[in-house]
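Undergrad:
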Amino acid sequence: MLEARDITLSFGRHRVLDGVSLSLRPGEVLGLAGPSGCGKSTLARVLALLLRPSSGTVSVDGTVVKGWRHRAPQRTAIGLIFQQPRLAVDPRFTLLDVIAEPLRAARRPLDRAHELAEELGLTPELFGRRPHEVSDGQLQRACVARALVLEPRYLICDEMTTMLDASTQAHLVGRIEAYRERTGAGVLAVSHDAELLHRWSDGNVRDWNPAPAPARNADPAPAS
Amino acid sequence: MKLRVDGLSVRFHLPGADVHAVTDARFELREGRCLALVGESGCGKSVMAHALLGLLPGNATVTGHARLDDLPGGGSLDLVTAPEKVLARQVRGRLIGLVPQSPAAHLTPVRTARSQIAETLRELGRTGESADTLAERAGLSPRDLDRYPHQLSGGMAQRVANALALAGDPPLILADEPTTGLDRPLVDATMAELRRLCDEGRAVLVITHDLRAAERVADEIAVMYASRIVELSPAEPFFSGPRHPYARGLLDALPSRRFVPIPGQPPELTRLPDGCAFLPRCSSATSACERQPPLHAGPAVNGQVVNGQFVEGQFVEGQFVEGQPVVGGQPALDGQAAGNGQTSMSRKVACHHA
Ligand code: SF4
Chain A
1 MLEARDITLS FGRHRVLDGV SLSLRPGEVL GLAGPSGCGK STLARVLALL LRPSSGTVSV
61 DGTVVKGWRH RAPQRTAIGL IFQQPRLAVD PRFTLLDVIA EPLRAARRPL DRAHELAEEL
121 GLTPELFGRR PHEVSDGQLQ RACVARALVL EPRYLICDEM TTMLDASTQA HLVGRIEAYR
181 ERTGAGVLAV SHDAELLHRW SDGNVRDWNP APAPARNADP APAS
Chain B
225 MKLRVDGLSV RFHLPGADVH AVTDARFELR EGRCLALVGE SGCGKSVMAH ALLGLLPGNA
285 TVTGHARLDD LPGGGSLDLV TAPEKVLARQ VRGRLIGLVP QSPAAHLTPV RTARSQIAET
345 LRELGRTGES ADTLAERAGL SPRDLDRYPH QLSGGMAQRV ANALALAGDP PLILADEPTT
405 GLDRPLVDAT MAELRRLCDE GRAVLVITHD LRAAERVADE IAVMYASRIV ELSPAEPFFS
465 GPRHPYARGL LDALPSRRFV PIPGQPPELT RLPDGCAFLP RCSSATSACE RQPPLHAGPA
525 VNGQVVNGQF VEGQFVEGQF VEGQPVVGGQ PALDGQAAGN GQTSMSRKVA CHHA
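Going down the list, the sequences are from chains A and B. For the record, in the first sequence the residue sitting at position 23 is 23 according to our numbering, with numbers rising by one throughout. For the record, in the second sequence the residue sitting at position 230 is 454 according to our numbering, with numbers rising by one throughout.
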C-alpha cells in the first residue's frame with residue numbers, strides 16, 4: 001500500500017495541503033478528481049516522493065519514507081507521469097534515452113527500453129528523435145514508457161492525457177491498464193476530468209472539492 | 225463578412241524534407257456561425273490558424289486562397305496574398321481577433337487588466353471606446369479591470385483575453401486551442417463565452433483537440449487528419465453519426481463512448497502517401513483507397529433539430545417522419561432551415577467508402 005497520512009504542505013504562507021490522507025492499494029485504480037489549483041498535483045508529487053511535506057508521513061508497503069527525491073530508496077517503486085511531457089524531459093535526450101534513463105541510473109540492461117517503446121506505439125524511426133522533433137502525443141508515449149521501465153509497484157498519472165486527443169488518451173490508458181493487470185501495480189489517476197476517471201477506475205473516484213475546507217473533503221477517514 | 229478558404233495548402237521547407245502541414249483545405253464560415261477545426265496534435269490545424277493570420281515563418285510556402293468577402297466597408301481581401309503591412313494594419317486585431325492558447329500567459333504580469341485593454345484600444349486607434357464598455361462586452365465587470373493578472377481567476381483571465389481579442393471589434397474570432405490546460409468547468413465557461421460572441425453575430429473559428437469542447441460550441445465541425453480536412457459536417461449529425469472512419473474512431477475513443485483507441489499512428493507530414501493517409505489504420509480500406517479520396521459532398525441529409533439533436537427524416541404531408549430517406553431535392557445552405565421546420569444539411573467526407 002502507498003499511504004499518505006495527515007500531509008500538510010505550505011509554499012511560503014500559502015497552505016496547499018492541510019492534513020490530507022490517501023491510500024492506494026496494489027492492483028487498484030483510484031481516481032482523484034478536483035479542479036485545477038486544488039492541490040491534487042502537489043499531493044501527487046508528495047506521493048511520488050519528489051516533495052517533502054511540512055508534516056505528515058508517507059509509507060510504501062509499510063515502510064515510512066525518511067529521505068526524499070534521490071535520497072529515497074523507495075523512489076523506484078513509484079512511477080510518475082506529468083501533464084506536460086515537454087517540461088518533464090531533458091530536451092537534449094533522444095526518445096530512447098528518455099526511456100532508458102532510469103535503467104542506466106539503476107545499472108540495468110537497456111533492452112527493456114526498446115520493447116516498451118514499441119509497446120507504447122513508438123516506431124523505430126522515432127527512437128532517435130529529440131523532443132522538439134516529435135508531437136506532444138509521441139513525447140507523452142515516451143514518458144509513459146519511462147515511468148514503466150523499472151516496473152514500479154505504484155503509478156501516479158497526473159493529468160496525463162489533458163493535452164492529448166481522444167485516441168492517444170485511450171491508447172495510453174489502455175497500456176497502463178495492461179501493465180496493472182500484468183503486475184498488480186496500484187494506479188492513482190489524477191485529473192479534473194471526472195468522466196475520464198469514472199470510466200478508467202470503474203467508479204472508484206474520490207472527489208476533491210477544496211472549498212471551503214480541503215482537508216476535510218479529501219480525508220477519507222471519519223472525522224475524529 | 226464571410227471567410228472562404230479555398231484550396232489552401234501550406235508547406236514548410238526543411239533541410240532534406242518538406243512538411244505538408246495543410247493540404248487543399250476548403251471551407252466557409254459566415255457571421256453568426258462557429259466552426260470547430262478538430263484533430264490531434266501535429267495534424268496541421270494550428271498551422272492553418274497561423275496561415276490565416278499571416279504569422280508563418282519564412283520557410284513556409286502558402287498556396288490557394290483564404291478570402292474575407294463582404295468586408296464591413298465592402299470589398300474583399302485575400303489573406304494569402306495580402307502584404308504584411310495590410311495584415312498588420314487591417315487584419316490582425318481589426319478583422320480577425322485572436323484568442324490565444326493560454327490567456328493568462330499573454331497578459332503582462334505587472335499591469336492591470338484595464339491598462340492592457342486601454343493600450344490595445346489605443347494601438348488600434350479606437351479612442352471612442354472605453355476599457356469598461358469593452359470589458360462588459362466580454363462579460364467582465366469594470367471592477368475586475370483593476371486587478372493584476374495573478375489576481376484573476378482562470379475564467380476572468382480568459383475574459384480579459386477575449387476583451388483584448390474584441391478590442392478592434394473584429395467580425396471574425398479565431399481561438400487557437402483556447403482550452404488547453406483548463407479544467408472542465410472552465411472549458412465549459414470558455415466555450416459559452418465563444419458561443420456568445422458568435423450569437424452576437426461574429427464568425428468564430430475554434431481550433432481544438434478537445435471533441436467535447438467542440439461539441440459545446442460549434443455549428444459545424446471540420447476534422448483534420450494528416451494535413452487534410454477529411455470530414456466537414458454540421459455538428460449535430462456529426463456527433464450522432466460521424467462518417468469518416470477516422471472521425472468515427474476519434475469519437476469512439478472518448479471515455480463516454482467505447483474508450484478504445486484507433487490502432488496505429490498518423491503518418492509523418494514529411495512522408496504522406498499518395499493515397500488515403502488513413503489507410504494503414506482503417507478497417508474499411510480496399511484497394512480503391514490507394515487513390516487520394518477527394519472531399520466530396522454526400523447526399524443532403526434532411527431532418528429536424530429536436531432538443532439540440534439532429535434527427536434525420538423528412539416531412540410528409542406536414543408530419544415529421546423519422547429516418548425517411550430523402551429522395552432527390554437540392555440541399556439548402558448548410559444547416560439552414562428549408563421551410564416547415566425542416567433543416568437540410570450537406571456533409572462532406574474524404575473517403576471512398578463512407
Ligand atoms: S478512403 Fe476511407 S475507407 Fe479507404 S482507407 Fe481512407 S478512410 Fe479508409
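The beta-carbon is built from N, C-alpha and C at its ideal position, and this holds for glycine as well.
To the nearest angstrom, how far is the alpha carbon of Ala48(A) from that of Val58(A)?
TA: Position 48 of the first sequence, counted from the start, is the residue given in the question as residue 48(A). Position 58 of the first sequence, counted from the start, is the residue given in the question as residue 58(A). The alpha-carbon atoms of Ala48(A) and Val58(A) are separated by roughly 10 Å.
Undergrad: Quick one: give me the first and last residue of the alpha helix (DSSP H) that Ile176(A) is part of.
TA: Within the first sequence, the letter at position 176 stands for residue 176(A). It spans 166-183 - the alpha helix (DSSP H) in which Ile176(A) sits, taken as one unbroken run.
Undergrad: Please work out which residues of its chain come closer than 6 Å, Cβ to Cβ, to Met415(B), disregarding the five sequence neighbours upstream and downstream, and give them in chain order.
TA: Against the second sequence, residue 415(B) aligns to sequence position 191. Same-chain partners within the cutoff: Ala437, Arg440, Val441.
Undergrad: Find the nearest neighbour of Pro497(B) within the set Gly488(B), Ala509(B), Gln516(B), judged by alpha-carbon distance.
TA: Counted from its first residue, the second sequence places residue 497(B) at position 273. Of the listed residues, the one whose Cα sits closest to Pro497(B) is Gln516(B).
Undergrad: Residues in the same chain with beta-carbon distance under 7 Å from Leu197(A), minus the five sequence neighbours each way, listed in chain order, please.
TA: As a working note, residue 197(A) is residue 197 in the first sequence. Around Leu197(A): Gly31, Ala33, Ala189, Ser191, Val205.
Undergrad: Under 8 Å between C-beta atoms, does Thr42(A) make it to chain B?
TA: Here the question's residue 42(A) lines up with position 42 in the first sequence. Output row for Thr42(A): interface = no.
Undergrad: Taking Asp111(A) as part of the alpha helix (DSSP H), name the residues at either end of that continuous run.
TA: Position 111 of the first sequence, counting from 1, holds the residue named residue 111(A). It spans 111-119 - the alpha helix (DSSP H) in which Asp111(A) sits, taken as one unbroken run.
Undergrad: Nearest CA to the CA of Gly317(B): which residue from Ile341(B), Thr247(B), Thr305(B), Leu261(B)?
TA: As a working mapping, residue 317(B) is identified with position 93 in the second sequence. The candidate whose alpha carbon is nearest that of Gly317(B) is Ile341(B).
Undergrad: Give a single yes or no on whether Ala189(B) has its beta carbon closer than 7 Å to a heavy atom of ligand 1.
TA: Because chain B in this structure spans residues 225 to 578, residue 189(B) falls outside the shown range and cannot be described.
Undergrad: Does any C-beta atom of chain A lie closer than 8 Å to the C-beta of Gln314(B)?
TA: As a first step, residue 314(B) must be located in the second sequence, where it is residue number 90. Not closer than 8 Å to any Cβ of chain A, the Cβ of Gln314(B) fails to qualify, so no.
Undergrad: According to the Cβ coordinates, are His289(B) and Leu280(B) closer than 8 Å?
TA: Position 65 of the second sequence, counted from the start, is the residue given in the question as residue 289(B). Position 56 of the second sequence, counted from the start, is the residue given in the question as residue 280(B). Cβ distance not < 8 Å, so His289(B) and Leu280(B) don't count as in contact.
Undergrad: Verify whether the separation of the beta carbon atoms of Ser54(A) and Ser23(A) is less than 8 Å.
TA: Translated into positions along the first sequence, residue 54(A) becomes position 54. Translated into positions along the first sequence, residue 23(A) becomes position 23. No, the pair does not count as a contact, with Cβ atoms beyond the cut-off.
Undergrad: Could you give the first and the last residue of the continuous beta strand (DSSP E) run that contains Glu401(B)?
TA: In the second sequence, the residue the question calls residue 401(B) occupies position 177. Counting along the chain, Glu401(B) falls outside any beta strand (DSSP E), and DSSP gives it neither H nor E.
Undergrad: When we look at the beta-carbon of Glu401(B) and count the other beta-carbons within 10 Å, is it buried (16 or more) or exposed?
TA: Position 177 of the second sequence, counting from 1, holds the residue named residue 401(B). Per the 10 Å Cβ criterion, buried.
Undergrad: Residues in the same chain with beta-carbon distance under 6 Å from His237(B), minus the five sequence neighbours each way, listed in chain order, please.
TA: For this step, residue 237(B) is matched to residue 13 along the second sequence. So the list reads Asn283, once near-sequence residues are dropped.
Undergrad: Can you list the alpha helix (DSSP H) stretches of 4 or more residues lying completely in the stretch 32-81 of chain A, in chain order?
TA: Listed in chain order, the complete alpha helix (DSSP H) runs (minimum 4 residues) inside the stretch 32-81 of chain A are 40-47.
Undergrad: Where does Tyr449(B) fall in DSSP's three states?
TA: For the purposes of this step, residue 449(B) is taken as residue 225 along the second sequence, with counting starting at 1. It is a strand residue.
Undergrad: Any heavy atom of ligand 1 within a distance shorter than 7 Å of the CB on Ser508(B)?
TA: The sequence position of residue 508(B) within the second sequence is 284, counting from 1. Yes, Cβ of Ser508(B) sits closer than 7 Å to a heavy atom of ligand 1.
Undergrad: Just verifying my parser: in three-state terms, what is the DSSP assignment at Tyr470(B)?
TA: Locating residue 470(B) in the second sequence gives position 246, counting from the first residue. Note: Tyr470(B) maps to helix in three-state DSSP.
Undergrad: Touch check for the stretch 305-317 of chain B and the stretch 261-269 of chain B: three-plus C-beta pairs under 8 Å?
TA: At 8 Å Cβ cutoff, the stretches do not touch.
Undergrad: Can you pull the chain B residues whose beta carbon is under 7 Å from the beta carbon of His192(A), in chain order?
TA: Within the first sequence, numbered from 1, the residue matching residue 192(A) stands at position 192. The contacting residues are Asp407, Arg408.
Undergrad: Measure the alpha-carbon distance for Gly553(B) versus Arg571(B) and round it to whole angstroms.
TA: The count along the second sequence starts at 1 and reaches residue 553(B) at position 329. The count along the second sequence starts at 1 and reaches residue 571(B) at position 347. Low confidence applies here, because Gly553(B) scores a pLDDT of 42, under 50, leaving its location unreliable; read the following figure in that light. Cα to Cα, the separation comes out at about 15 Å.
Undergrad: For a contact meaning CB atoms closer than 8 Å, what does Arg199(A) contact in chain B?
TA: Walking along the first sequence from the start, residue 199(A) turns up at place 199. Pro479, Ser480, Phe483, listed in chain order.
Undergrad: What does Gly269(B) pair with, by DSSP beta-bridge criteria?
TA: The sequence position of residue 269(B) within the second sequence is 45, counting from 1. A quick correction: the sequence has Lys, not Gly, at residue 269(B). Beta-bridge pairing links Lys269(B) to no other residue.
Undergrad: Since Arg228(B) and Asp443(B) are thought to touch, with beta carbons under 8 Å apart, how far apart are those beta carbons, to the nearest angstrom?
TA: Walking along the second sequence from the start, residue 228(B) turns up at place 4. Walking along the second sequence from the start, residue 443(B) turns up at place 219. With a Cβ gap of about 16 Å, Arg228(B) and Asp443(B) do not count as contacting.
Undergrad: Could one say the Cβ of Glu195(A) lies closer than 8 Å to chain B's Cβ atoms, at least one of them?
TA: Position 195 of the first sequence, counted from the first residue, corresponds to residue 195(A). Yes, Glu195(A) lies at the interface with chain B (some Cβ there is under 8 Å from its Cβ).
Undergrad: Pair every Cβ in the stretch 469-481 of chain B with every Cβ in the stretch 492-511 of chain B, then say whether three or more of these pairs are closer than 8 Å.
TA: The stretch 469-481 of chain B vs the stretch 492-511 of chain B: in contact.
Undergrad: What are the boundary residues of the alpha helix (DSSP H) that Phe127(A) is part of?
TA: As a first step, residue 127(A) is located in the first sequence; it is residue number 127 there, counting from the start. Segment 124-127, the alpha helix (DSSP H) holding Phe127(A).
Undergrad: Quick one: Cα of Pro485(B) to Cα of Asp294(B), how far?
TA: In the second sequence, the residue the question calls residue 485(B) occupies position 261. In the second sequence, the residue the question calls residue 294(B) occupies position 70. Distance between the alpha carbons of Pro485(B) and Asp294(B) is about 43 Å.
Undergrad: Based on Cα-Cα distance, which residue from Ala105(A), Gly186(A), His14(A) lies nearest to Thr42(A)?
TA: By one-based count along the first sequence, residue 42(A) stands at place 42. Nearest option by C-alpha distance: His14(A).
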